[in-house]
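**Student:** Here the sequence shown is numbered in our numbering, starting from 1 and rising by one per residue.
Idealized CB from N, CA, C, for every residue including glycine.
Quick caveat, the model's predicted, so the values are computed rather than measured.
Mind having a look at this structure? Questions to follow.
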Amino acid sequence: MNKPIFGLTLFFIGGIILGRYLFLPPVHLYLVLLALLGLAVFLYLRGLRKILTPLLFSFIFLLGALYFIVSYYPSAHNLVNLAPSQHPVELTGRIVNQPRLRSGKNPRVTFVLEAEKIFDQQESLPGLSKGDDVFSQIYPVKGRVWVTSFYPYKYYDYGDRVTLKTKLRIPSGAQEKGEFDWRRYLSYQGIWTEATTGRITVRERKKGNFLLSLAYGEKNRMMGIIDNILPLPSSAILKGIILGDQESLPPEVLSDFRRTGTAHVLVVSGLHVGLVLLIIFLLFKTVGLPTKWATALSLPLLFYYALLTGLRAPVLRATLMASVGLVAYLLNRETPLLVILSLAALFILILRPTSLFTVSFQLSFIAVAGIVYLTPQLEKMLKMLPLWIGRSLAVSLAAQLSILPLLAYYFQQLPLIGLVANLAIVPTMTIILALGFLTLGLAPISLSVAQIVANTNWLVLSGLSKLVHFLSFSSFPVVSSLVCPQVSSFSFWLLLVYYAVLIIFIYLLKRLSRAISSSQ
1 MNKPIFGLTL FFIGGIILGR YLFLPPVHLY LVLLALLGLA VFLYLRGLRK
51 ILTPLLFSFI FLLGALYFIV SYYPSAHNLV NLAPSQHPVE LTGRIVNQPR
101 LRSGKNPRVT FVLEAEKIFD QQESLPGLSK GDDVFSQIYP VKGRVWVTSF
151 YPYKYYDYGD RVTLKTKLRI PSGAQEKGEF DWRRYLSYQG IWTEATTGRI
201 TVRERKKGNF LLSLAYGEKN RMMGIIDNIL PLPSSAILKG IILGDQESLP
251 PEVLSDFRRT GTAHVLVVSG LHVGLVLLII FLLFKTVGLP TKWATALSLP
301 LLFYYALLTG LRAPVLRATL MASVGLVAYL LNRETPLLVI LSLAALFILI
351 LRPTSLFTVS FQLSFIAVAG IVYLTPQLEK MLKMLPLWIG RSLAVSLAAQ
401 LSILPLLAYY FQQLPLIGLV ANLAIVPTMT IILALGFLTL GLAPISLSVA
451 QIVANTNWLV LSGLSKLVHF LSFSSFPVVS SLVCPQVSSF SFWLLLVYYA
501 VLIIFIYLLK RLSRAISSSQ
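Listed below in structure tokens is the structure:
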């Protein structure tokens, strides 16, 4: 790989890792970066340009560290400096995501609040500057809060400015090694404080981003159609496949998908984006549009689908990769896949450097990188099989070899059956997505026709559910423990060793293959 963007992205990632695990004073880093920049200008003017490349990579490395530190750690005016609060306070802010209804024994709604001001009736809050009315003790604050509310969901939505009375608290961290760390999970989303409330007062409505408001409204409409036209669990599975919504999925269904290594079909990912692009492209070609017109019109629809599904890291990665590929096609340029992957990773990390440490980002990018790097060699090893079988098996095997260690590390499960399960399930996804979008498109025109299409999709969804349940072997504990063994938590360093060995092994195979070819 001789493209600079690949190296720049790797060094930027290395800098982010440095900033996460080794805190360095931002001022010192800033001064070092200025010194490196000044040295680069001096060397350039003196004609010593050979030294500029390592200098540039060093600059990008330290820039990644500084960028992470500045982006990640809360400022002096962040709400976390007031937590835990000893008594209730009134907090005003804006809802910046779509509130989600959590069912169960204690139904509740969760959402993220962008704090704006806090009102304390009992005492002054240290470290904050007061507002115009000193006696009202209203203080401007910053930061995001994870709110759990037991107030009816219908009264507030994305973009609403609300006031709630609550006690602030610090999210709980992991108590034991290998346990899910709720505090770290929230911190990677820029959330350092959480609150529980029983009442919310809406001050202003719909003050959020217009495009997001439109996307959330359309998502709610689609979910309503699916709920009305399909029974459970088929409706829940379809909402997961099309929109990435898992809230209404029965726990046993979700467990079956996880145990078979196919849970990714219920979280909108690159696979979904690719299939959606295929469906859109075929639709445009069916109505007679030229290829380049179909390509150009697919771009805005892809970004709208990314908005619709919440701009998750896998969706954003796949959308960016598809967009770069489509633009390259329109410009008659051929761009290597690893270059496109590097550009997508760099863009996402510039938007939010903490994405690097999220499970979805790691699974998404490592799966694609594994497919790009491993598939050609695996295809050669499987060349005795028919072409379409060998290629499908090579892609599936490359993806599984890439993500199985991560699944074991994060979820303490090793779904070995995933190789077989994905070969059977992934082709079915195209049918489910096509029928699902056709149902949603027909529903406003003719509900009876949409119901006929939905009934057809119900047959496919039921078959998918039964297949996944069978492959999970949940009724046969002994077999289930063999196809999806439980593993204990292990060190992150073992992951690095695994990937290093895998990369070196494939590299040596490629060298050996070239040597054999040249000797013949």
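#1: Which residues bound the alpha helix (DSSP H) around I13?
#2: Going by DSSP in three states, V89 sits in which element: helix, strand or coil?
#3: What does the alpha-carbon distance come out to for the pair G19 and L66?
#4: Where does I118 fall in DSSP's three states?
#5: Whole angstroms is fine: what's the gap from L442's alpha carbon to A450's?
#6: Looking only at its chain, what residues have a beta carbon closer than 6 Å to the beta carbon of R205, apart from the 5 residues adjacent to it on each side?
#7: Restricting to Cα atoms, I'd like to know which of L374, T354 and A408 is closest to L337.
#8: Just tell me which of T92, V145, P140 and L48 has its CA closest to the CA of K201.
#9: At the level of alpha carbons, what is the spacing between P427 and A434?
#10: Does F111 pass the burial test, meaning 16 or more other C-beta atoms within 10 Å, or should it be called exposed?
#11: Thinking just about the alpha-carbon of each residue, which of S474, S462, S85 and P477 is nearest to the one in L232?
#12: According to DSSP, is E204 helix, strand or coil?
#13: Please classify I417: does DSSP put it in a helix, a strand, or coil?
#14: Put N78 into one of helix, strand or coil per three-state DSSP.
#15: At a cut of 8 Å, does the stretch 470-483 reach the stretch 257-275 through at least three beta carbon pairs?
#16: Residues in the same chain with beta-carbon distance under 8 Å from R94, minus the five sequence neighbours each way, listed in chain order, please.
#17: Please go through the stretch 391-478 and give each complete alpha helix (DSSP H) segment of 4 or more residues, from N-terminal end onward.
#18: Taking the CB atoms as reference points, tell me whether F357 and Y498 lie closer together than 8 Å.
#19: Where does Y305 land, buried or exposed, given buried means 16+ other C-beta within 10 angstroms?
#20: Just the Cα atoms here: how many angstroms apart are L509 and K167?
#21: How far does the beta strand (DSSP E) with R102 in it extend, from its first residue to its last?
#22: Let me know if M1 comes out buried or exposed under the rule of 16 or more other beta-carbons within 10 Å of its beta-carbon.
#23: Tell me the DSSP bridge mates of A195?
#24: Inspect the beta-carbon positions of V268 and L301 and report whether they are closer than 8 Å.
#25: Have a look at I504 and F303 and give me their C-alpha separation to the nearest angstrom.
#26: In terms of residue numbering, what span does the alpha helix (DSSP H) encompassing P376 cover?
#27: Leaving out the 5 sequence neighbours to the left and right, which residues in its chain are closer than 8 Å to P84 when beta-carbon positions are compared?
#28: For T295, which residues in the same chain have their Cβ closer than 8 Å to its Cβ, ignoring the five residues on either side in sequence?
#29: In terms of alpha-carbon separation, which member of A399, Y155, N332 and F284 lies closest to V109?
#30: Could you check the C-alpha separation between P74 and S474 for me, to the nearest Å?
#31: For G131, which residues from the same chain have a beta carbon less than 8 Å from its beta carbon, with the 5 sequence-adjacent residues on both sides left out?
#32: Going by DSSP, what residue range makes up the alpha helix (DSSP H) through P251?
#33: Provide the residue(s) that pair with I113 in DSSP beta bridges, ordered along the chain.
#34: Taking three-plus beta-carbon pairs below 8 Å as touching, is the stretch 182-197 in contact with the stretch 220-230?
#35: Rounded to the nearest angstrom, what separates W458 and T439 at their Cα positions?
#36: Give the DSSP-derived three-state secondary structure of S136 in the structure shown.
**Tutor:** Taking the coordinates as given:
#1: Residue numbering aside, residue 13 sits at position 13 when the sequence shown is read from its first letter. For I13, the enclosing alpha helix (DSSP H) covers residues P4 to Y21.
#2: Sequence index remark: in the sequence shown, residue 89 carries index 89 (1-based). Strand.
#3: On the sequence shown, position 19 is the one that residue 19 refers to. On the sequence shown, position 66 is the one that residue 66 refers to. CA-to-CA, the gap between G19 and L66 works out to about 7 Å.
#4: Residue numbering aside, residue 118 sits at position 118 when the sequence shown is read from its first letter. Strand at I118.
#5: Numbered from 1 along the sequence shown, position 442 holds the residue referred to as residue 442. Numbered from 1 along the sequence shown, position 450 holds the residue referred to as residue 450. Answer to the nearest angstrom: the Cα atoms are 5 Å apart.
#6: Position 205 of the sequence shown, counted from the first residue, corresponds to residue 205. Excluding sequence neighbours, R205 sits near D160.
#7: As a working mapping, residue 337 is identified with position 337 in the sequence shown. Among L374, T354 and A408, the Cα nearest to that of L337 is on L374.
#8: Locating residue 201 in the sequence shown gives position 201, counting from the first residue. Sequence inspection shows Thr at residue 201; the Lys mentioned does not correspond to that position. Cα-wise, what sits closest to T201 is T92.
#9: Your numbering for residue 427 matches position 427 in the sequence shown. Your numbering for residue 434 matches position 434 in the sequence shown. For P427 and A434, the gap between their C-alpha atoms comes out near 12 Å.
#10: Here residue 111 is taken as the residue at index 111 of the sequence shown, counted from 1. With 16 or more Cβ atoms within 10 Å of its Cβ, F111 is classed as buried.
#11: Against the sequence shown, residue 232 aligns to sequence position 232. Ranking S474, S462, S85 and P477 by CA distance to the CA of L232 puts S462 first.
#12: Here residue 204 refers to the residue found at position 204 when the sequence shown is read from its first residue. Note: E204 maps to strand in three-state DSSP.
#13: Numbered from 1 along the sequence shown, position 417 holds the residue referred to as residue 417. Reduced to three states, the DSSP call for I417 is coil.
#14: Taking the first residue of the sequence shown as position 1, residue 78 is located at position 78. If DSSP states are grouped into helix, strand and coil, N78 belongs with the strands.
#15: Taking a cut-off of 8 Å on C-beta distances, the stretch 470-483 touches the stretch 257-275, as three or more cross pairs fall below it.
#16: For this step, residue 94 is matched to residue 94 along the sequence shown. Sequence-distant partners of R94 (beyond 5 residues in either direction) whose C-beta falls short of 8 Å from its own C-beta, in its chain, are L113, E114, E116, G159, D160, R161, V162, K207 and G208.
#17: Correct list: 418-442 and 447-472.
#18: For this step, residue 357 is matched to residue 357 along the sequence shown. For this step, residue 498 is matched to residue 498 along the sequence shown. Judged by beta-carbon spacing, Y498 lies beyond the 8 Å limit of F357, meaning their Cβ atoms are not closer than that value.
#19: Counting from 1 along the sequence shown, the entry for residue 305 is found at position 305. Y305 counts as buried, since at least 16 other C-beta atoms from the protein chains shown sit within 10 angstroms of its C-beta.
#20: Translated into the one-based positions of the sequence shown, residue 509 becomes position 509. Translated into the one-based positions of the sequence shown, residue 167 becomes position 167. Distance from the CA of L509 to the CA of K167, rounded to the nearest whole angstrom, comes to 60 Å.
#21: Your numbering for residue 102 matches position 102 in the sequence shown. Start and end: R100 to R102.
#22: Counting from one through the sequence shown, the residue named residue 1 turns up at place 1. Here the model assigns M1 a pLDDT of 48, short of 50, so the residue's position is not dependable, and the following value carries that caveat. Result: exposed.
#23: Here residue 195 refers to the residue found at position 195 when the sequence shown is read from its first residue. Here A195 is bridged, per DSSP, to V147 and L168.
#24: The sequence position of residue 268 within the sequence shown is 268, counting from 1. The sequence position of residue 301 within the sequence shown is 301, counting from 1. No; because the gap between Cβ atoms is not below 8 Å, this pair is not in contact.
#25: For the purposes of this step, residue 504 is taken as the residue at position 504 of the sequence shown. For the purposes of this step, residue 303 is taken as the residue at position 303 of the sequence shown. Using only the alpha carbons, I get a separation of about 37 Å.
#26: Residue 376 sits at position 376 when you count from the first residue of the sequence shown. From DSSP, the alpha helix (DSSP H) with P376 extends over V359 to M381.
#27: Position 84 of the sequence shown, counted from the first residue, corresponds to residue 84. Taken in chain order, the residues that qualify are K167, L168, R169 and I170.
#28: By one-based count along the sequence shown, residue 295 stands at place 295. Leaving aside the five residues that flank T295 on each side, the residues in its chain whose CB is nearer than 8 Å to its CB run, in chain order, F281, L326, Y329 and L330.
#29: Locating residue 109 in the sequence shown gives position 109, where the first residue counts as 1. That would be Y155, whose Cα lies nearest to the Cα of V109.
#30: Within the sequence shown, residue 74 is the residue found at index 74, counting from 1. Within the sequence shown, residue 474 is the residue found at index 474, counting from 1. Rounded to the nearest whole angstrom, the CA to CA distance from P74 to S474 is 45 Å.
#31: Residue mapping note: residue 131 aligns to position 131 of the sequence shown, counting from 1. Because G131 carries a pLDDT of 46, less than 50, the predicted location of this residue cannot be relied on, and the following value inherits that uncertainty. Cβ neighbours of G131 within its own chain (closer than 8 Å, five residues either side excluded): K117, I138, Y139 and P140.
#32: Stepping through the sequence shown from its first residue, residue 251 is reached at position 251. Note, P251: alpha helix (DSSP H), P251 to R259.
#33: By 1-based counting over the sequence shown, the position of residue 113 is 113. The identity of residue 113 in the sequence shown is Leu, whereas the question assumes Ile. According to DSSP, which records beta bridges pairwise, L113 is partnered with I95 and V145.
#34: Result no; under three Cβ-Cβ pairs closer than 8 Å.
#35: The residue labelled residue 458 in the question sits at position 458 within the sequence shown. The residue labelled residue 439 in the question sits at position 439 within the sequence shown. Distance from the CA atom of W458 to the CA atom of T439, rounded to whole angstroms, is 11 Å.
#36: Counted from its first residue, the sequence shown places residue 136 at position 136. Note that S136 scores a pLDDT of 49, beneath 50, so its modelled location is shaky and nothing firm can be said.
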